[in-house]
Every structure is written in structure tokens, then in C-alpha cells.
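What the sequence shown shows, in UniProt numbering, is residues 1 to 231, in sequence order.
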Amino acid sequence: MKVFRKAVIMTMLLVFCGMVLAGCGKGEVKSPGNTLNDMPTDTPKDDTPTDTPADSSTDASEEVIKEGTVEKSGNVVLKQLAFVYKENAIAISDIADDEKIESMLGKADEIKVHTYSQDDGLNMDQLNGMTEKQYQFPGLVIKTIDGAEDKKSFIFNIEITDPKYPTIRNIKVGDSFEKLKEAYPEGNLLGGELSDEEDDFRYEPVNYVDVMTFHIKDKKIESIQIYTLLD
């Protein structure tokens, strides 16, 4: 009987010790420091696109290019409708008076002046009261009209027949049609095909108002005309 009691007491002690040990194991937790170290540390990224100054300037330049008839200052399109002489680029819509023309091209051989009116027989009523000037140089004629703001004169027509006045893309009278086509791939040959006689090749950057026309004869450039249509 005593042996049985001892066995029961020993069994109960073992069970009690086991319960105490189990309780200690369950009560063990990680410190706050360990918990933070085990957590992901990725920082949320802001994917919202933001405009930079460079992006804004690009949009502005594209907007300028789409304009075809505004004043040339800062306008990429109208700067293409130009020729070069002694490092001066002279373009359609440039503001130009006698002094400005002479400073860029020298003294003209002749200057013709005409003021449009109802009885001049030209049927250009929209230009009545405006004064046109023609500056004639060997192989070059520049026409201006005082139709700009404050009655300032601007260039509206340029006629070139001399190779010393190349375009802004370095195409000049006497160049072959092949060279012209390479320099102005955006242009179009009127009629669609090059003939053995005379043709016209038109470069229109944006619209039908500002135009550069190359007259082709025997597959070479005979003359160049740059102009803007007047309202």
C-alpha cells in the first residue's frame, strides 16, 4: 500500500513539473526590437508622374512648330523658309525696311515701290492702302509689304536665280533634283513624276500659306521661290 502511494505521489509530481515547464515555454515572447527587425522595410513609392521644366519646354516647341503663319521670331517653321547670305539667314515674315535689307544684302540695284489702290488695275482690294517694295539684286528679288503691326514692312516673297543664295538646308540653284529630294524629303513633286522638261517641287512645312517652290528644268533647280500668301 505504501508503495502504491509513493507511485501516485511521484506521478503527480512529474505531471506538475511538466505543466510548469510548458507554461514557461508559452510565456516567452520576442522583444519589440526583434519584431521591428523582422518586419519588411520597403518604403512606399509615389508613382504619380510629375512634369519637369524640360518636359514643359518640349511641349512649347512642338506648339510653335504647328504654327505656320505667325511672326518668325522663335518659330521653327518659318525659319525653314529662308535663305542664307554671308551668315545672315533671311526668311519669310522677317520685319525688314530699307536699312535692314541693305545691312544684310548690300545696296540694291533697284527699289520699286507701289501702293495698292482701287484704281491700280491689279484687283488686290484686300491690299488697298498698303505699300509694296521690291528690292532687286543680281539673281535675287525680295518683296516686302507694310502689312504688319504698326505698319511695319515684312518680307512676303523671295525669288532666287543665283547659286550664291542657298536655302537654309544648303540647296541652291543648279543643284540636281536628287540632291533636292534628299534635303527636303517632306516636299512633293507636282504631277507626281519627274519629266525631261520642266517641273515644280513644293515644300510646305505646315499649310498652303507658307511655301517654298523649286522650279526644275532638265532635272536641275533653275529657280527658287519662297512666299507667304497675303490675305
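A virtual CB, placed ideally from N, CA and C, is assigned to each residue, including glycine.
| Query | Result |
| --- | --- |
| How many angstroms separate the CA atom of N157 from the CA atom of E87? | 20 Å |
| Check for me: the alpha helix (DSSP H) holding A183 runs from which residue to which? | F177 to A183 |
| Tell me whether S223 sits in a helix, a strand or coil according to DSSP, three-state version. | strand |
| Going by DSSP, which residues form a beta bridge with L140? | F137 and I160 |
| Could you tell me whether the region 180-193 touches the region 94-112, using the rule of 3 or more Cβ pairs below 8 Å? | no |
| Under the three-state reduction of DSSP, which class applies to L78: helix, strand or coil? | helix |
| Give the secondary structure of M130 by DSSP, where H, G and I count as helix, E and B as strand, and everything else as coil. | coil |
| Mind checking I216: buried by the 16 CB within 10 Å criterion, or exposed? | buried |
| Evaluate S195 with the Cβ neighbour count: other Cβ atoms within 10 Å of its Cβ, from every protein chain shown; 16 or more gives buried, anything less gives exposed. | exposed |
| Can you pull the DSSP bridge partners for L189? | F201 |
| Contact between the region 197-204 and the region 125-139: three or more CB pairs below 8 Å? | no |
| Could you check if K45 is buried or exposed, using at least 16 other CB atoms within 10 Å of its CB as the buried criterion? | At K45 the pLDDT is 44, less than 50, meaning the model places this residue with poor confidence; the figure from the coordinates comes in the next sentence. Classification for K45: exposed. |
| For I226, count neighbouring C-beta atoms within 10 Å of its own C-beta (all shown protein chains included) and say buried if the count is 16 or more, exposed if not. | buried |
| Going by DSSP in three states, I111 sits in which element: helix, strand or coil? | strand |
| In this structure, how does DSSP classify D210 when only helix, strand and coil are distinguished? | strand |
| Should L229 be labelled buried (16 or more other beta-carbon atoms within 10 Å of its own) or exposed? | exposed |
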